[in-house]
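All remarks here apply to the structure that follows.
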Amino acid sequence: MVFMTLLYRKPISSYFAVALLFSFLVLRLQKHIEEQRANTLVFYGIPKGYALDFWIGKDLYYADHGLETDLNYKVSPHRTAVNPSRKHALPVLVNDTLQRMVLPAGYGHIDIDKERIFLGGLSSNHSYIWEKGKWQPVTVSDSISLGQKTYKFVF
68 MVFMTLLYRK
78 PISSYFAVAL
88 LFSFLVLRLQ
98 KHIEEQRANT
108 LVFYGIPKGY
118 ALDFWIGKDL
128 YYADHGLETD
138 LNYKVSPHRT
148 AVNPSRKHAL
158 PVLVNDTLQR
168 MVLPAGYGHI
178 DIDKERIFLG
188 GLSSNHSYIW
198 EKGKWQPVTV
208 SDSISLGQKT
218 YKFVF
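Residue 222, in the numbering used here, is where the sequence shown stops; the numbers in between run on with no holes.
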């Protein structure tokens with residue numbers, strides 16, 4: 068098409084049409100890549116609590132427990148940067164010693180007590196911890212300690 072435009076010296080509208088077609092193709096490719104994003108669970112440890120984000124595509128399922136100032140400082144900037152299309156609060160079931168969050172789409176559940184997070188048989192393809200300004204691969208057993216670390220699990 069471009070060759071024919073140059074060969075036959077078509078008007079500028081032909082160039083505009085080619086540019087428009089190219090832009091459309093790039094936008095479709097970008098949308099396709101975003102839709103194929105892996106499902107991700109991110110656990111944020113904050114000084115007096117935790118936050119949990121579970122991403123299915125561009126949908127965010129979240130749970131927060133802790134001081135609002137800690138959440139606004141550590142968690143909210145990441146949620147804003149990723150820009151989810153829809154947000155859903157995860158229901159939290161509480162008993163005397165445990166908090167349980169049931170993840171959507173049959174992924175399982177997570178239990179949290181005062182010191183540990185129990186992953187409830189979740190099997191992720193990759194596990195990471197945020198250290199030294201980047202995600203570092205880490206091996207995780209069935210639980211992780213509740214501290215000020217951030218973990219990411221990719222399914």
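The beta carbon of each residue, even a glycine, is placed where N, CA and C say it ideally should be.
- Minimum Cα-Cα distance from Leu127 among the listed residues Ile113, Asn106, Glu135, Asp163 corresponds to Asn106.
- Relative to the Cα of Pro204, the nearest Cα in the group Leu189, Leu96, Tyr218, Leu186 belongs to Tyr218.
- Fewer than three Cβ pairs drawn from the region 160–170 and the region 137–149 lie within less than 8 Å of each other, which leaves the two stretches out of contact.
- When rounded, the separation of the alpha-carbon atoms in Tyr174 and Ser190 is 9 Å.
- Where Tyr117 is concerned, there is no enclosing alpha helix (DSSP H), although the beta strand (DSSP E) around it starts and stops at 116–123.
- Judged by DSSP in its simplified three-state form, Thr206 adopts coil rather than helix or strand.
- When the beta-carbon positions are compared, His145 and Val109 come within less than 9 Å of each other.
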